[in-house]
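S.K.: Quick one: structure below, then a few questions.
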Amino acid sequence: MEEEMNFTKLFAAGSIGSCRLKNRIIMPLFPTKYATDSRVNPKMLEFYRTRAKGGVGLIVLDCPCLDYPRAYKGPQELRFDLDDYAAGLTELVETIHAEGSKAFMHLNYPHEKTVMEKITGATKKKDAWVVPLANFMSPKDAENIITIMADGAAKARTIGYDGVEIQASYGDLIAQLLSPLLNKRSDDMGGTIENRARFLTRLIQTVKATAGRDFPVMVKLVCDEFVPGGLCIDESQKIAGLAEAAGADAIVANAGNKTTKHVTIPPNESPPGPLIDLAAQIKTAVNIPVVAIGKINDPKLAEAVLAQEKADFVAMARALVADPDLPQKAASGLLENIRRCNYCLQDCAEKGVPGIGRCCGVNPFAGNEYSWKIFPAQEKKKVLVIGGGPSGVQAAIVANRKGHNVELWEQHELGGQARLSFIAPFKEDTADILRYLKKSLDDSTVQIRCGRPTDVSEILSRAPDVVIVATGSRPGFPSIPGIDSEWVTDVRSVYENRSVSGQKIVIVGGGDIGCETADWLAKPEIQVTVVEILPQVLHRMKKIPKERLLRRLSAKGVTIFTETEVSAIEKNLVRLKKKDGQMFTVKADKVILAINAVPENNLVEALKGKIKQVIAVGDAASPGNLGSALRSGTAAALNI
Ligand SMILES: Cc1cc2nc3c(=O)[nH]c(=O)nc-3n(C[C@H](O)[C@H](O)[C@H](O)COP(=O)(O)OP(=O)(O)OC[C@H]3O[C@@H](n4cnc5c(N)ncnc54)[C@H](O)[C@@H]3O)c2cc1C
Ligand SMILES: Cc1cc2nc3c(=O)[nH]c(=O)nc-3n(C[C@H](O)[C@H](O)[C@H](O)COP(=O)(O)O)c2cc1C
Ligand code: SF4
Numbered sequence: 004m005e006e007e008m009n010f011t012k013l014f015a016a017g018s019i020g021s022c023r024l025k026n027r028i029i030m031p032l033f034p035t036k037y038a039t040d041s042r043v044n045p046k047m048l049e050f051y052r053t054r055a056k057g058g059v060g061l062i063v064l065d066c067p068c069l070d071y072p073r074a075y076k077g078p079q080e081l082r083f084d085l086d087d088y089a090a091g092l093t094e095l096v097e098t099i100h101a102e103g104s105k106a107f108m109h110l111n112y113p114h115e116k117t118v119m120e121k122i123t124g125a126t127k128k129k130d131a132w133v134v135p136l137a138n139f140m141s142p143k144d145a146e147n148i149i150t151i152m153a154d155g156a157a158k159a160r161t162i163g164y165d166g167v168e169i170q171a172s173y174g175d176l177i178a179q180l181l182s183p184l185l186n187k188r189s190d191d192m193g194g195t196i197e198n199r200a201r202f203l204t205r206l207i208q209t210v211k212a213t214a215g216r217d218f219p220v221m222v223k224l225v226c227d228e229f230v231p232g233g234l235c236i237d238e239s240q241k242i243a244g245l246a247e248a249a250g251a252d253a254i255v256a257n258a259g260n261k262t263t264k265h266v267t268i269p270p271n272e273s274p275p276g277p278l279i280d281l282a283a284q285i286k287t288a289v290n291i292p293v294v295a296i297g298k299i300n301d302p303k304l305a306e307a308v309l310a311q312e313k314a315d316f317v318a319m320a321r322a323l324v325a326d327p328d329l330p331q332k333a334a335s336g337l338l339e340n341i342r343r344c345n346y347c348l349q350d351c352a353e354k355g356v357p358g359i360g361r362c363c364g365v366n367p368f369a370g371n372e373y374s375w376k377i378f379p380a381q382e383k384k385k386v387l388v389i390g391g392g393p394s395g396v397q398a399a400i401v402a403n404r405k406g407h408n409v410e411l412w413e414q415h416e417l418g419g420q421a422r423l424s425f426i427a428p429f430k431e432d433t434a435d436i437l438r439y440l441k442k443s444l445d446d447s448t449v450q451i452r453c454g455r456p457t458d459v460s461e462i463l464s465r466a467p468d469v470v471i472v473a474t475g476s477r478p479g480f481p482s483i484p485g486i487d488s489e490w491v492t493d494v495r496s497v498y499e500n501r502s503v504s505g506q507k508i509v510i511v512g513g514g515d516i517g518c519e520t521a522d523w524l525a526k527p528e529i530q531v532t533v534v535e536i537l538p539q540v541l542h543r544m545k546k547i548p549k550e551r552l553l554r555r556l557s558a559k560g561v562t563i564f565t566e567t568e569v570s571a572i573e574k575n576l577v578r579l580k581k582k583d584g585q586m587f588t589v590k591a592d593k594v595i596l597a598i599n600a601v602p603e604n605n606l607v608e609a610l611k612g613k614i615k616q617v618i619a620v621g622d623a624a625s626p627g628n629l630g631s632a633l634r635s636g637t638a639a640a641l642n643i
């Protein structure tokens, strides 16, 4: 245990081929999609500078377009075919180097090609028909692509990258070729393991021949597709051996394909480190370093993986989005100061958040590093924060770090709705942000007052320069006949009480909270129905967690009605109306309202004109989620 706390393995230097890393932590590909006009910009530069500064050993950066314009995906994709584009990448790599980390370029090629018409094997994508390149490329096409990718690796070397990572996972081109399920070829790239691995091994050899034998090549390898008939560990061990023989310098033991993304990017439902054992099995098959990946956010787990020789390096993507300083904090023994990823897959996934892009639900600075810096305030002010939920606590901490004199008043206990956010199934990790915020408050000089309500006259009597109104939101109660019956309750009360009576429960509102509540309450003896007015439930939730939650709801027999509204609530009965006007009823001995919240912002109007600066933050400004609350608290405090 003592040795684990010292993290001697995690912070031992290590090598991938000729590249020496200062420690065993790798940030795998997290495509920021921040590029504008296919160029590196300050937003991207500062995102990665911050991670490098935080102490990670190696960062894998996005693959620029290797085949412009033929395989160009648009302005969010980096280019390096012209010198002025490449110059931005050199600056990015040099920035990472200046902070003491190394940078690899991810090496990949699109896995689909467009065809003119619907042919056998084609699928419709937007307005075009596409086919999988793995099965529809000729041997000559394959050779061309290998040359293009190897030239890309050579270019990466001239730009200054320390190595490349070949994408042989994620259901992409090479992973499809490796798969006994997806590879339908009958030539020397299909059939046997050696044939299916031929493109990969040829690519590794060609990269080495083109970029130089000493230029490190890591392979992100699918080790198990987790689909019946798909690639599994027996074969991937052999493929890892073939990759090693071809010259690969390390294997990242990845898993999953396009249909099992929840394995590749494990959501909150998954246990920690679900792919570690795959890494251990690959390690028995090769002599080159193996990287464990997937839901490793705990330095103790990372140390144990290394100490038990299950892997030689650990990869952390989301853990470093959530806290770029995790390596440094672990190295200094400051484990309690780590802000842990809770694997919500919300703000970082898909297109992220409108106006920001990929960011983070617990780290308000993610994606904002370039514009949000905490500088000492010119003029020290007296700041009063009303409300101790996530937005208020965050605003208080940031204002305090700027040097302001901050008081935080909370009518109950600290946490606000965040106290309720980790009760539903698989949401335990959501509790960490509250622990982290409380720890940050403890480390600050914010004066905290809890357990007493306040009013305008008391606030005015403190004569603050600035009041931050972080009073959250209250449950919305629509005007429906029967809404005020004793068998109707709001969702927050159910969580406050940790239980609800009733065998037939109707939840009104199929957003995140409504559906998570159904997941929590549904039991063999408790029938839950969710009623949603929109065409689909969970319309804000991202694909991976949404699919998993819907699967659980279906397994638990939860009934979902979409495009349906509640027209009346009666004893033991809810009257519902479909979009087409059709009326029907469901039995209910309890109705739980999980619909849009209403901002609790009375203080804003009441204080206007009486205090120099009044700012509403979080749900009080606009009901949202943890991420929006933390970002708005931060933005407000930075502007004081
Ligand atoms: C069951 C549930 C699950 C959730 N799960 C998630 C999730 O998984 N992910 C996610 O991103 N978001 C989740 N949310 C939403 C998230 O918790 C909220 O968006 C977030 O807490 C809003 O933060 P806030 O600080 O703006 O407001 P709140 O959290 O509502 O905090 C406001 C605080 O102000 C205090 N207050 C109010 N009036 C006064 C006053 N006059 N004087 C003093 N204090 C006052 C309140 O007591 C409260 O503590 C969940 C919410 C609920 C209810
Ligand atoms: C939003 C997001 C996008 C990702 N995109 C890619 C991708 O395009 N290619 C890839 O190989 N991995 C991708 N990954 C997977 C990560 O590289 C990593 O394998 C995965 O997140 C598991 O590591 P973690 O649990 O430490 O986050 C993505 C991950 C996230 C969160
Ligand atoms: S948004 Fe959620 S899953 Fe993504 S990095 Fe942040 S905490 Fe982790």
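Numbering (this note's numbering) for the sequence shown: 4 to 643. Ideal Cβ placement from N, Cα and C applies to all residues, glycine included.
How far does the beta strand (DSSP E) with M544 in it reach, from first residue to last?
M.R.: The sequence position of residue 544 within the sequence shown is 541, counting from 1. First-last for M544: undefined, no H or E at that position.
S.K.: Take K613 and list the residues in its own chain whose beta-carbon comes closer than 7 Å to its own, dropping the five residues that flank it on each side.
M.R.: For this step, residue 613 is matched to residue 610 along the sequence shown. Within the same chain, K613 has close Cβ partners L463.
S.K.: Using 8 Å as the Cβ pair cut-off and three pairs as the minimum, do the segment 312 to 327 and the segment 282 to 293 touch?
M.R.: The segment 312 to 327 vs the segment 282 to 293: in contact.
S.K.: Buried or exposed: where does R361 fall if 16 or more other Cβ atoms within 10 Å of its Cβ makes it buried?
M.R.: Position 358 of the sequence shown, counting from 1, holds the residue named residue 361. Buried, by the Cβ-count rule.
S.K.: List in chain order: all unbroken beta strand (DSSP E) runs of 3+ residues lying wholly within the segment 322 to 391.
M.R.: Fully enclosed beta strand (DSSP E) runs of 3 or longer: 385 to 389.
S.K.: Starting from E608, trace the alpha helix (DSSP H) in both directions and tell me its first and last residue.
M.R.: Mapped onto the sequence shown, residue 608 falls at position 605. Here the alpha helix (DSSP H) through E608 covers 605 to 610.
S.K.: Just checking my contact of E573 with G627 at CB under 8 Å: how many whole Å lie between their CB atoms?
M.R.: Taking the first residue of the sequence shown as position 1, residue 573 is located at position 570. Taking the first residue of the sequence shown as position 1, residue 627 is located at position 624. About 34 Å; that fails the 8 Å criterion.
S.K.: Please confirm whether Q414 and D622 have their CB atoms less than 9 Å apart.
M.R.: As a position in the sequence shown, residue 414 is number 411, starting the count at 1. As a position in the sequence shown, residue 622 is number 619, starting the count at 1. Cβ atoms of Q414 and D622: not closer than 9 Å.
S.K.: Heavy atom of ligand 3 less than 8 Å from the Cβ of D515, yes or no?
M.R.: In the sequence shown, the residue the question calls residue 515 occupies position 512. Flag unset: Cβ of D515 not near ligand 3.
S.K.: Taking 9 Å as the CB-CB limit, is I29 close to chain C?
M.R.: No chain C is part of this structure, which consists of one protein chain only.
S.K.: For the beta strand (DSSP E) that F564 lies in, which residues bound it at each end?
M.R.: On the sequence shown, residue 564 is found 561 positions in, with the first residue counted as 1. Its beta strand (DSSP E) spans residues 562 to 564.
S.K.: Could you check where the beta strand (DSSP E) with H1 kicks off and where it finishes?
M.R.: Residue 1 lies beyond the range of the chain shown here (4 to 643); nothing can be said about it.
S.K.: Can you list, in chain order, the stretches of the alpha helix (DSSP H) that have 4 or more residues and sit fully within the segment 456 to 488?
M.R.: 459 to 464, all fully within the segment 456 to 488.
S.K.: Please confirm whether H100 and G163 have their CB atoms less than 9 Å apart.
M.R.: In the sequence shown, residue 100 corresponds to position 97, counting from 1. In the sequence shown, residue 163 corresponds to position 160, counting from 1. Cβ distance < 9 Å, so H100 and G163 count as in contact.
S.K.: Just to confirm, is the Cβ distance from I62 to V294 under 9 Å?
M.R.: The sequence position of residue 62 within the sequence shown is 59, counting from 1. The sequence position of residue 294 within the sequence shown is 291, counting from 1. Their beta carbons are not under 9 Å apart, which means I62 does not touch V294 by this criterion.
S.K.: For the segment 183 to 268, list the beta strand (DSSP E) runs that are entirely contained and at least 3 residues long, ordered along the chain.
M.R.: Runs of the beta strand (DSSP E) inside the segment 183 to 268: 220 to 225, 253 to 257.
S.K.: CB L423 to CB G391, shorter than 9 Å?
M.R.: One-based indexing of the sequence shown puts residue 423 at position 420. One-based indexing of the sequence shown puts residue 391 at position 388. Cβ distance not < 9 Å, so L423 and G391 don't count as in contact.
S.K.: Tell me, please, which residues DSSP counts as bridged to D493.
M.R.: In the sequence shown, the residue the question calls residue 493 occupies position 490. L596.
S.K.: Short check: CB of F33 to CB of L323, under 9 Å?
M.R.: On the sequence shown, position 30 is the one that residue 33 refers to. On the sequence shown, position 320 is the one that residue 323 refers to. Contact flag set, yes.
S.K.: When you measure from the CB of G427 to every non-hydrogen atom of ligand 3, does any distance come out below 8 Å?
M.R.: As a first step, residue 427 is located in the sequence shown; it is residue number 424 there, counting from the start. Residue identity check: residue 427 is Ala in the sequence provided, not Gly. Not so, every heavy atom of ligand 3 lies at least 8 Å from the Cβ.
S.K.: Are the segment 635 to 642 and the segment 604 to 611 touching, with three or more C-beta to C-beta distances below 8 Å?
M.R.: Judged by Cβ distances under 8 Å, the segment 635 to 642 makes no contact with the segment 604 to 611, as fewer than three pairs qualify.
S.K.: Give every residue of the same chain whose Cβ lies closer than 7 Å to the Cβ of S443, excluding the five residues on either side of it in the sequence, and list them in chain order.
M.R.: Working through the sequence shown from its first residue, we reach residue 443 at position 440. So the list reads I400, once near-sequence residues are dropped.
S.K.: Decide if the segment 198 to 209 is in contact with the segment 145 to 152; the criterion is three or more beta carbon pairs, one per stretch, under 8 Å apart.
M.R.: Yes, the segment 198 to 209 is in contact with the segment 145 to 152.
S.K.: Quick check on this structure: which residue in R188, P270, Y173, N186 has the alpha carbon closest to the alpha carbon of S258?
M.R.: Taking the sequence shown and counting its residues from 1, one reaches residue 258 at position 255. Correcting the residue type first, residue 258 is Ala in the shown sequence and not Ser. Selected option, being the one with the closest Cα: Y173.
S.K.: Taking Cβ positions, are G166 and I19 nearer each other than 9 Å?
M.R.: Against the sequence shown, residue 166 aligns to sequence position 163. Against the sequence shown, residue 19 aligns to sequence position 16. A contact, by the Cβ cut-off of 9 Å.
S.K.: Could you pull the DSSP bridge partners for T567 from this structure?
M.R.: The sequence position of residue 567 within the sequence shown is 564, counting from 1. Its beta-bridge partners are K581.
S.K.: Can you list, in chain order, the residues of its chain with a C-beta nearer than 6 Å to that of E339? Leave out the 5 residues immediately preceding and following it.
M.R.: Against the sequence shown, residue 339 aligns to sequence position 336. So the qualifying residues of the chain are K442.
S.K.: Which partner residues of N408 appear in the DSSP bridge assignment?
M.R.: Working through the sequence shown from its first residue, we reach residue 408 at position 405. Paired residues: K385.
S.K.: Round the Cβ separation of V472 and A619 to the nearest angstrom and send it over; I've been treating them as touching at under 8 Å.
M.R.: Within the sequence shown, residue 472 is the residue found at index 469, counting from 1. Within the sequence shown, residue 619 is the residue found at index 616, counting from 1. Yes, they are in contact, since the Cβ atoms of V472 and A619 sit about 5 Å apart, within 8 Å.
S.K.: Checking 9 Å against the spacing of the C-beta atoms, do I169 and V96 come in under that value?
M.R.: Position 166 of the sequence shown holds residue 169. Position 93 of the sequence shown holds residue 96. In this structure, V96 does not lie closer than 9 Å to I169 by Cβ.
S.K.: Can you name, in chain order, every residue of its own chain whose Cβ lies under 7 Å from the Cβ of D190, other than the five neighbours on each side?
M.R.: Residue mapping note: residue 190 aligns to position 187 of the sequence shown, counting from 1. Counting only Cβ-Cβ distances below 7 Å, and skipping sequence neighbours, we find P142.
S.K.: Go to L24, then tell me how far its alpha helix (DSSP H) extends in each direction, as first and last residue.
M.R.: Numbered from its first residue, the sequence shown carries residue 24 at position 21. It is not in any alpha helix (DSSP H) - L24 instead sits in the beta strand (DSSP E) that spans 22 to 24.
S.K.: By how many angstroms is the C-alpha of A16 removed from the C-alpha of Y346?
M.R.: For the purposes of this step, residue 346 is identified with residue 343 of the sequence shown, where counting begins at 1. For the purposes of this step, residue 16 is identified with residue 13 of the sequence shown, where counting begins at 1. Going from the Cα of Y346 to the Cα of A16 covers about 28 Å.
S.K.: Which residue from T263, V289, V607 puts its Cα closest to that of S247?
M.R.: The count along the sequence shown starts at 1 and reaches residue 247 at position 244. With the sequence shown as reference, residue 247 is identified as Glu, and Ser is not the correct amino acid for it. Of T263, V289, V607, the residue nearest in Cα terms is V289.
S.K.: Between which two residues does the alpha helix (DSSP H) harbouring V43 extend?
M.R.: Position 40 of the sequence shown, counted from the start, is the residue given in the question as residue 43. V43 -> no alpha helix (DSSP H), and no H or E assigned at all.
S.K.: Tell me the rounded alpha-carbon separation between A214 and L69.
M.R.: Taking the first residue of the sequence shown as 1, we reach residue 214 at position 211. Taking the first residue of the sequence shown as 1, we reach residue 69 at position 66. Between A214 and L69, the C-alpha separation is close to 15 Å.
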